[in-house]
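These notes are about the structure you will find just below.
Chains as they are written, first to last, in this note's numbering: chain R, 1 to 120; chain F, 121 to 438; chain E, 439 to 980; chain U, 981 to 1132.
Pasting the structure below:
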């Protein structure tokens, strides 16, 4: 496999971007335009919006983001392991996986026990 | 020169396919939902109303694009584009037939996950940029949901990688020449489909747009073709997820009598149908239940499943 | 009657009673009446509260020489309707003590009294406009109110000052909060507030801290309309209030006037009334079920429910010619006789509906997601229900079998064989169960009533040909609508139109309990809880 | 243990629900494709009010007693009459404003000569409010014009 193949990835992504830009811009040529004060106002069920939406906001899920980071990295570690699984003799690979996943599961159990998964 | 031609040709085909396919899927969704709900669905525009969605798309082209007064204009403009751009890339590696794949990369599966993982950035951006409180809630939810379901999605596909010993999708399909992996890995299949549903924001996991709570969630402020682009990318993600599920679990292009691509498309559309069927049956989960469902049920189950697979493979080898 | 009199010494013991009256319950719907002084009202209310009486209704009446607040107390287990009147001769600044800290349900009633009559309830926590817009400068139910030029009346000017002050205070409080906290408007133009209800949610992330319901968007002042029109002309208005279950509202009004006239409808008409009301109740519950599932994100049951509902509406259209806002009942009977073919349709419909209920149970009740979304959500305890005066399926979901069809039976309900389904869950799931069980019971009643229907004229012998004149007096009549206790308090003065017609609508009391059910829940639960209260906005706004 | 049974029952409940929707998928649709298919209205269907055409005379039966005007709760009927040579009242004008009418049929019930009825027409759109004011005498006037011979 030459690096040539990965050019496809780049080209597809860039063309995707350009296409989306072009696509969203076509109505600029085709569509009618009207003016109105209320037209561009923020939708909030027909009432005037109360202040900006960009205020300090309590995201109850930031802890999930933290665990996610930990888990995602560890899943990435699992990828090469499963690819070469059972090439080594005996039960070494199985042991490795069991230990690794065991630690992951422990982390999960800890987070669970700590009550992260139940919103307060 | 030949290579350039190939790139252009594949691009044209993929773009055409994405557009037409999403319109067909919208039509299919309308028909399926109509039949489930004792209605008829589109009937008169085109054959069985097939052209109804084309007409709707044309109408969308003529709709005015509105920039809300208080929005962040740059992000607001970029959000639908960013949610659409990765769509094309994901088609690169999908093996529609024995040799019908644009680039059979050896990291194929990872590439699909990488591209589809990008989609929620666009959604979150849309939620933030609109400066609308419903949108913000929807955007926040989409982040929480996507990061939570990414893990079971990866973990469940790891089982397949373990059995096929390759990330290349065509290799995985080839490994299922005799037995599709769904029979060997039913639990992984269920986890995969569930997480894929969640990743593509479909009911019962459509909390980012939850129309009964958040009006339209992240795309409340979007109009015209910008909204259309979100729509297209959502449907295309559904299709890509079905394609990956077909390749991983349903034996891809393998099947008797018909040629490979026909089998592949049939299976993929069947999965799409199941996804729609689920959507029109179930109510929506609440945001906290949704996330805890991933962490408390899907992730432990998929960890357990990996250990089982590892054990089984080890035993079979002995 | 003597029994209750002996038992009820505690009501007025040691209080200044201006007059006491023993009513004939069968004649005007009250057991007892007391006129007491302003100072002893709160003490009296506390006594009622401690003995598990709920505040059924509070109506303000504008008499030529005084304002009168009529409090109705009643019990769930054994009907004992006590009318307590407090009078204030001050026609400009009528002050009354508030009961909103004893009965939370009084909060909205008092605000309504202030809104319509300019009556000031001292120490009320939030005495602002309820049904009229905050900027309104009128008190339209006062007898001296003439059209739009209400501000000309000098008495009202002083009130407006007070009102501006109140309004400024409250809006300033809210404005200060908007600056730093997250507020979100749900409604009036929102997919799941079922009409024009506005909920102002004070959020902490996704968690609801406080809910402020804002009502009155579809306010038409039916009560004022009743005073203008004669008794017959007001009948079409009834269907416009609760347009989902219009039959029961018709039943309530027609029943009230018949009671006041001391007249009975023809036997055949009674049966026609009952089965059409029960069919309408099923239609109302089906509409609730469909939209409730829609609120929870499942669209398909909505269509199944509407399919069934369509069958019912077809039958009712055959009978009445209308599909939604029926004006079918007449004094002393009904408008039309049962048409041919209706019986066959009904016979085909009932087993079909029973089969559908089984499907609903599999599709909805057994579903894990539905259970997760509804169990232990929006809990309303028995004590809260008492305090707010909640009735109907919401109350029966607290395990209390209070249903007017059994508690104070009217029409031919005593002859019918049916049960009152109750569930002890107190949550939204229990409310679902109650309503689904009620569909079954209503099917039973409709079946029986249709089968037992005697031959005969559809209008009674004494049925008035033109609009009747109701003899002077006070009357109360209640029916069980699809949403609960619907009662009307009529003050008649012997003329062709009512002096005052207060409508006690069930959703009004039920919705006022919403904020207490919601605190601490998530945004997604708001629609689940609001949906479970089954509000119909025109009925609340009137 | 309950953890696992919960997962199973949950999964099972989802499947059971899906079977129900699949069952309904193969049923006949219940919707009508209006306006291509029009359902006949029930005999008691309450369309807009209109005059009954008397079979014998071919005219309306209104005697201008104004009972309907008095009973109408929404004040939507305007009636003008004139005293004819025979000392009887003759109807000059009868208009109903449909934007106000609530189809309560009180006017029909009160009518002593059964001159009013509900039409079975339900497609009565209009572009302005003034078009919704219906002149009941219009068809009768037109008929008179066509049927009466022109005086020499």
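Built from N, CA and C at the ideal position, the CB exists for glycine as well.
Per DSSP, residue 1052 of chain U is not a residue of any alpha helix (DSSP H), being assigned neither H nor E. Those residues of the stretch 316-329 of chain F placed with their C-beta closer than 8 angstroms to a C-beta in chain E are 323, 324, 326 and 327, ordered along the chain. Per DSSP, the beta-bridge partners of residue 497 of chain E are E:508.
Judged by DSSP in its simplified three-state form, residue 150 of chain F adopts helix. Residue environment: residue 408 of chain F is assigned as buried (16 or more neighbouring CB atoms within 10 Å of its CB, all protein chains considered). Pairing residue 669 of chain E with residue 403 of chain F, the inter-Cα distance amounts to about 47 angstroms.
For residue 200 of chain F, the enclosing alpha helix (DSSP H) has its first and last residue at 193-210. Two segments are said to touch when three or more pairs of C-beta atoms, one from each, lie closer than 8 angstroms; by this definition the stretch 306-314 of chain F touches the stretch 269-276 of chain F. For residue 912 of chain E, the three-state secondary structure derived from DSSP is strand. Contact of residue 157 of chain F with chain E is assigned, a C-beta pair being separated by under 8 angstroms.
By the neighbour-count definition (other C-beta atoms within 10 Å, threshold 16), residue 1019 of chain U is an exposed residue.
With distances taken between CA atoms, residue 249 of chain F lies nearest to F:191 out of F:191, F:167, F:173 and F:130. Rounded to the nearest whole angstrom, the CA to CA distance from residue 880 of chain E to residue 805 of chain E is 25 angstroms. When the alpha-carbon of residue 10 of chain R is set against those of F:369, F:297 and F:231, the nearest one is in F:231. Residue range 419-437 is occupied by the alpha helix (DSSP H) that includes residue 429 of chain F. Ranked by how close their Cα comes to the Cα of residue 165 of chain F, the residues F:205, F:266, F:175 and F:210 have F:175 in first place. In summary, the residues of the stretch 405-417 of chain F whose CB is separated from some CB of chain U by less than 9 angstroms are 416 and 417, in the order they occur in the chain. A Cβ-Cβ contact shorter than 8 angstroms links residue 421 of chain F with residue 307 of chain F.
For the stretch 20-36 of chain R, the beta-carbon criterion of a distance under 8 angstroms to any beta-carbon of chain F is satisfied by 20, 21, 23, 24, 26, 27, 28, 30, 31, 32, 33 and 34. Closest in C-alpha terms to residue 718 of chain E, from the list E:961, E:759, E:448 and E:920, comes E:920. Cα atoms of residue 237 of chain F and residue 200 of chain F: separation of roughly 15 angstroms, rounded to the nearest angstrom.
Chain E places a beta carbon closer than 8 angstroms to that of residue 400 of chain F, counting this residue as a contact. Cβ-Cβ distances below 6 angstroms link residue 459 of chain E to 471 in the same chain, with the five nearest sequence neighbours on each side left out; the list follows chain order. For the pair of segments examined, the stretch 896-905 of chain E was found to touch the stretch 697-706 of chain E: the number of CB pairs separated by less than 8 angstroms reaches three. Leaving aside the five residues that flank residue 716 of chain E on each side, the residues in its chain whose CB is nearer than 6 angstroms to its CB run, in chain order, 880, 883 and 884. Flagged as an interface residue toward chain R: residue 252 of chain F, by a C-beta distance shorter than 8 angstroms. Interface annotation, residue 46 of chain R: in contact with chain E, CB-CB separation under 8 angstroms.
Residue 448 of chain E counts as exposed, since fewer than 16 other beta carbons sit within 10 angstroms of its beta carbon. Distances from the alpha-carbon of residue 1015 of chain U to those of U:1097, U:1103 and U:1063 put U:1103 closest. Here DSSP, grouped into helix, strand and coil, assigns residue 568 of chain E to coil. A buried status is given to residue 828 of chain E, since no fewer than 16 other beta-carbon atoms sit within 10 Å of its beta-carbon. Contact annotation: in the stretch 215-229 of chain F, residues whose CB is within less than 8 angstroms of a CB in chain R are 222, 223, 225 and 226.
For residue 143 of chain F, the closest alpha carbon among the candidates F:350, F:254, F:339 and F:323 is that of F:350. Around residue 240 of chain F, the same chain offers 262, 263 and 266 as residues with beta carbons nearer than 7 angstroms, after the five sequence neighbours per side are excluded. Between residue 395 of chain F and residue 46 of chain R, the alpha-carbon positions lie close to 34 angstroms from each other. Just so you know, the alpha carbons of residue 918 of chain E and residue 848 of chain E end up roughly 10 angstroms apart.
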